[in-house]
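Throughout the sequence shown, residue numbering follows this note's numbering, covering 19 to 154 in sequence.
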Amino acid sequence: MAVVEELIQTEGDGSLRFGNHVLTQKAKKEDFEHGGDLYKVKTYATMTKLEKNGMFVYESVPGTSVTHFMESAQGVTFHVEGREDAQLTIGLEDETEYEVFVGGESIGKMRTNLGGKLSISVELKDAGEIAIEIRK
């Protein structure tokens with residue numbers, strides 16, 4: 019996967035592409051319009067964070083590059099790449115159960131907390147791009 023040079027952009031299929039896990043200095047882009055919403059991304063080697071209309075959507079520690087990021091009423095799907103294993107936190111519906119798939123394999127059902135956040139660990143080191151799907 020190529021690094022996202024523009025920090026955030028729209029993919030040809032209408033999904034989002036954001037983050038740059040190889041940056042050594044913090045970078046951010048605000049007020050990126052996509053689908054009638056305004057997005058803000060902050061990214062570099064140790065952290066990537068995405069907000070939509072001022073609300074939390076995605077965070078990874080360390081930083082990651084994300085492609086094909088799509089949200090729906092049923093959950094979220096995306097591909098992620100990073101230099102090291104990462105902790106991903108996704109903003110979803112409050113206190114809702116989701117099944118989580120990493121690389122096409124179910125890792126089980128998980129429940130979001132009161133704030134709607136769900137956290138997973140993903141082995142990214144030397145793995146290339148990994149598909150993530152989180153669905154009700």
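Virtual Cβ for every residue (Gly too), placed ideally from N, Cα, C. What you are looking at is a predicted structure, and each value in this text was computed from that prediction instead of being measured.
Look at ARG101 here: in three-state DSSP terms it is coil, with no helix or strand label.
Counting only the Cα atoms, MET128 lies some 32 Å from ALA45.
Short of 6 Å from the beta carbon of ARG35, and not among the five residues preceding or following it, lie these beta carbons of its own chain, in chain order: VAL22, GLN27, GLU29, THR85. Going by DSSP, LYS44 is part of no beta strand (DSSP E) at all; its letter is neither H nor E.
Just measuring C-alpha positions, the residue of LEU68, GLU151, ASN131 sitting nearest SER78 is LEU68. Assignment of beta-bridge partners to ILE26 by DSSP yields PHE36. Beta-bridge pairing by DSSP links GLU117 to LYS127, ARG153. Within the DSSP bridge table, the entry for GLU69 names LYS58, PHE74 as partners. The shortest CA-to-CA distance from TYR57 to any of GLU48, TYR116, ARG101, GLY121 is the one to GLU48. The beta carbons of GLN43 and TYR62 sit about 6 Å from each other, so the pair counts as a contact at 8 Å. Contact between HIS52 and SER83 does not hold, since the beta-carbon distance rounds to 17 Å and is not under 8 Å. ASP144 and GLU102 have their alpha carbons spaced roughly 8 Å apart.
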